[in-house]
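>
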Amino acid sequence: MEWKEIAGNWVLVPHKQIGIVHFLGGAFVATAPQLTYRWLLEQLAEENYVVVATPFVNTLDHTAIARSVLNGFENAIGQLYAKSLLRSRYLPIYGVGHSMGCKLHLLIGSLFNVERAGNILISFNNYAARDAIPLVQQLNFNPGFSVEFTPSPLETNTLLQTRYEVRRNLAIKFTNDTIDQSEALVKLLHQRFPGMVTLKTLSGTHTTPLSQDLQWQTGSNFTPLDAVGQWFKQEFSRDLRQLRQTIVQWLNPVSML
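Numbered by the UniProt record's numbering, the letters in the sequence shown go through residues 1 to 257 in order.
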């Protein structure tokens with residue numbers, strides 16, 4: 001299975017198809033998701049999900065980014081159908097986001113009329129610009145000059161409370177992620193859709209979804225360096241594979257029986 005570039009998106013199309021995943025990455029690694037999130041996305045394709053990963057460049061206008069990535073995704077889906085690469089008109093669509101990608105999926109589900117079977121929100125955070133971008137703190141010292149994301153954190157929370165329409169959600173946080181705000185998000189979504197939101201806490205850090213499965217080849221003689229390499233591989237692979245299993249089980253609980 002090879003990556004294809006379609007309408008500005010990076011796409012994986014398995015032969016058997018049980019759903020579509022629209023993936024959006026974090027603010028500074030979203031420009032090449034087929035590289036930065038390669039292992040995780042290829043694992044989802046191996047589970048028979050069509051993966052559409054939409055690159056974006058971060059700006060202060062998150063509403064405009066949400067509109068742009070949604071348009072890019074819909075253009076890709078249109079081309080996949082036109083090329084007969086999608087085999088059913090009724091494949092469920094799931095949003096999967098990491099970090100800022102979570103906010104974009106939440107905005108898409110609040111501001112635009114979309115059909116989603118659910119959203120998976122990994123390492124959500126909703127900080128103000130002054131906290132997310134160090135340079136902004138210096139700019140905001142100038143009286144009368146303020147820089148903030150659109151929508152702001154407070155405006156985003158209000159949108160979620162009043163307009164968010166994706167009922168089924170999985171929020172994932174990691175034990176060593178100091179910038180995660182998933183618990184606050186889950187409280188908001190529970191108010192909107194009681195009983196439809198799941199929070200999973202996994203071992204790992206904010207960058208766990210970016211990890212790649214390390215291949216450590218030992219030589220003919222097993223050395224102390226090989227022992228360190230094997231331990232390093234096991235530590236990284238364990239967290240990454242646990243993330244994969246959690247996502248796959250939520251997407252298709254029957255597959256784990």
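Backbone N, C-alpha and C fix where the C-beta goes; we use that ideal spot for every residue, glycine too.
Beta carbon of L240: closer than 7 Å to some heavy atom of the ligand MN?
Ligands in the displayed structure: none, and consequently the ligand MN is not present.
> Which residues does DSSP list as the beta-bridge partners of H15?
For H15, which the question treats as bridged, DSSP gives no partner whatsoever.
> So, using beta-carbon positions, are I108 and W250 closer together than 8 Å?
Between I108 and W250, the CB-CB gap reaches or exceeds 8 Å.
> Which of the three DSSP states is assigned to I179 in this structure?
In this structure, I179 counts as coil in the three-state DSSP scheme.
> Give the secondary structure of S88 by DSSP, where H, G and I count as helix, E and B as strand, and everything else as coil.
Coil at S88, not helix or strand.
> Please name the residue in D131, T207, S203, V186 whose C-alpha comes closest to that of V197.
V186
> Of the choices L106, L202, D131, G195, whose alpha-carbon is the least far from that of E155?
Answer by Cα proximity: L106.
> Near L70, what residues of its chain come up, given a Cβ to Cβ distance below 8 Å and the 5 sequence neighbours on each side ignored?
I108, F112, V114
> If you measure between the beta carbons of G72 and N9, is that distance less than 8 Å?
yes
> Note down the Cα distance separating Y127 from Q245, rounded to an integer number of angstroms.
29 Å
> Opposite K200 in the DSSP bridges: which residues?
I172
> For W216 and R241, I'd like the C-alpha separation in whole angstroms.
Residue placement at W216 is flagged as unreliable, the pLDDT there being 42, under the threshold of 50; the coordinate-derived value follows with that caveat. Taking the straight line joining both Cα atoms gives about 16 Å.
> Tell me which same chain residues have a C-beta within less than 6 Å of the C-beta of V96, skipping the five on either side of it?
The answer, listed in chain order, is V21, F23, I120.
> Please classify N176: is it buried, with 16 or more other beta-carbons within 10 angstroms of its beta-carbon, or exposed?
So N176 ends up on the exposed side.
> Excluding the five sequence neighbours on either side, which residues of its own chain have a C-beta within less than 6 Å of the C-beta of E148, listed in chain order?
A129
> By the DSSP assignment, the alpha helix (DSSP H) with H105 in it spans what residues?
100–111
> Please check the pair A27 and P55, which I expect to be a contact at CB under 8 Å, by giving their CB distance rounded to whole angstroms.
Not confirmed; about 12 Å, so no contact.
> Run through the DSSP bridge pairs and tell me what T150 is partnered with.
D61
> Measure the Cβ-Cβ separation of E42 and L91 and say whether it is below 8 Å.
For E42 and L91, no; Cβs fall outside 8 Å.
> So, under 8 Å CB-CB, L86 and I6 are touching, yes? Tell me the CB distance rounded to an integer number of Å.
Not a contact, Cβ separation roughly 11 Å.
> Could you check if Q161 is buried or exposed, using at least 16 other CB atoms within 10 Å of its CB as the buried criterion?
It is exposed - the Cβ of Q161 has fewer than 16 other Cβ atoms within 10 Å.
> Alpha carbon to alpha carbon, what distance is there between I172 and K200?
When rounded, the distance between both Cα atoms is 5 Å.
> Near T59, what residues of its chain come up, given a Cβ to Cβ distance below 8 Å and the 5 sequence neighbours on each side ignored?
I65
> Note down, in chain order, each residue of its chain lying with its Cβ closer than 7 Å to the Cβ of residue 291, except the 5 sequence neighbours on either side.
Outside the displayed span of the chain (1 to 257) sits residue 291, for which this structure offers no information.
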